[in-house]
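Residue numbers for the sequence shown follow the numbering used here, beginning at -2 and rising by one.
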Amino acid sequence: MKRVKAIGIIVILISVAVTVTLLLSYTMLEPHQCEWGIATGDDFLFDIRVEGAHINEEIPIPFLIFNNTRIQTTIISLPNISTIDLEQNFEQLVGAMEVHSVFANGTEFPADKPEGYDAPWVTTISTMISRAILPIDEWSLIDRLFFDENDYNISVLIGRPENDYYASSNQDYFFFFAHRIFSIDSGNGWYAKLDYGTGFPFYINHWESDPICIGYYKVILTLVV
């Protein structure tokens, strides 16, 4: 009798273990429920403001030709989210060129390159916008992938992981997403505020600071609504 009870208990334990294993496997294999909140062909308008100061007055502040201008940005492509492992290959989303930009009147950007950049104006400006577009419905997952940062104006962050890193945080009314690169006496980066419903940025701040050589500048893009 005791042997039968023991066998019964073993069977129950095995059944529980198998059930738990299957549930965990299902959870791990279940795809992330991300989707795009925008679509190919969508158009957006941004107003651009450029601020800064240079140590050497003979060197112009980059992007000044865009100061007080309005541009139109069109979604030209969106990566297939179902083929991207967000936790392992998130930069496939950030690195994809998803937009094309022109001046609001339809005029193309100048064909030359900004000072200190390898890509022409259209690529440089469009990249500022593309890298700040994220899929929606998995904000908690996305936030867990990056260093948590609530105040981008803090000059020295204790505990930041490295000198080249992404940061994010869930705010009450928007998702904060950023990237920073630091060296001993200079740095550059950007941060954006994204709408939870669309995953599209309504505010982007691209900046660079090098007090020895160029001073500082920032390019601010504000979505026109």
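Idealized CB from N, CA, C, for every residue including glycine.
- Leaving aside the five residues that flank E112 on each side, the residues in its chain whose CB is nearer than 6 Å to its CB run, in chain order, P59.
- In this model, D140 and H51 are separated by some 35 Å (Cα to Cα).
- For D39, there is no enclosing alpha helix (DSSP H), as DSSP gives it neither H nor E.
- With contacts defined as CB atoms closer than 8 Å, Y188 and F172 fail to qualify as a contacting pair.
- Sixteen is the threshold: when 16 or more other Cβ atoms of the shown chains lie within 10 Å of the Cβ of A175, as they do, the residue is buried.
- As computed with DSSP, N185 is found in a beta bridge with I178, E205.
- Taking V96 as reference, the option from R128, T104, L142, I45 with the minimal CA-CA separation is R128.
- About 7 Å separates the beta carbons of G34 and F197, which is inside the 8 Å limit, making them a contact pair.
- Spanning the alpha carbons of I56 and E32 requires a straight line of approximately 44 Å.
- DSSP, read as helix, strand or coil, puts E88 in helix.
- In this chain, R141 is not harboured by any beta strand (DSSP E); it is covered by the alpha helix (DSSP H) spanning 136 to 141.
- With contacts defined as CB atoms closer than 8 Å, D109 and Q69 fail to qualify as a contacting pair.
- In the three-state reduction of the DSSP assignment, T70 falls in the strand class, which pools E and B.
- A residue is called buried when at least 16 other Cβ atoms come within 10 angstroms of its Cβ; E105 does not meet this threshold and is exposed.
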